[in-house]
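Participant:
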Amino acid sequence: MVVAPKADGWAVKREGSSRTRVFNTQADAIKAATKTARDSQSEVVIHRKDGRIQEKVSISRADSMMLDVWKSTHREKSHSKRH
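As structure tokens, this is what we get:
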């Protein structure tokens, strides 16, 4: 997945695809690209406004599983602190 500036916003495009989704903000584009990348276990390449690469994020199923474990553990800890 590639997040890159476009005249009318921020484009998200899957490598090898001709289809592009456009978002108003870079943050929205990154969020959408990350979700899609998580589902397909791929990488997100985020570009700056000037077109240079800002960051590369590799997302795998293991990353998603660890995030889910962290979230559930964090929820349990925050619930136990309230009681």
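The numbers in numbering that gives the first Met the number 0 rise by one with no breaks, and the one at position 36 of the sequence shown is 35.
C-beta: ideal position from N, C-alpha, C; glycine also.
(1) Using the DSSP secondary-structure output, state which residues sit across from Gly8 in a beta bridge.
(2) Round the Cβ separation of Val11 and Ala32 to the nearest angstrom and send it over; I've been treating them as touching at under 8 Å.
(3) Roughly how many whole angstroms lie between the Cα atoms of Ser57 and Thr72?
(4) With distances taken from CA atoms, which of Lys34, Gly8, Arg13, Ile45 is nearest Leu66?
(5) Run through DSSP, which three-state label would Lys48 get?
Facilitator: This is what the structure gives:
(1) Here residue 8 is taken as the residue at index 9 of the sequence shown, counted from 1. Lys5.
(2) Working through the sequence shown from its first residue, we reach residue 11 at position 12. Working through the sequence shown from its first residue, we reach residue 32 at position 33. Their Cβ separation, rounded to whole angstroms, is 5 Å, which keeps Val11 and Ala32 in contact under 8 Å.
(3) Looking up residue 57 in the sequence shown gives position 58. Looking up residue 72 in the sequence shown gives position 73. Distance between the alpha carbons of Ser57 and Thr72: 23 Å.
(4) Sequence index remark: in the sequence shown, residue 66 carries index 67 (1-based). Ranking the options by Cα distance to Leu66, first place goes to Lys34.
(5) The residue you call residue 48 lines up with position 49 of the sequence shown. Three-state result, Lys48: coil.
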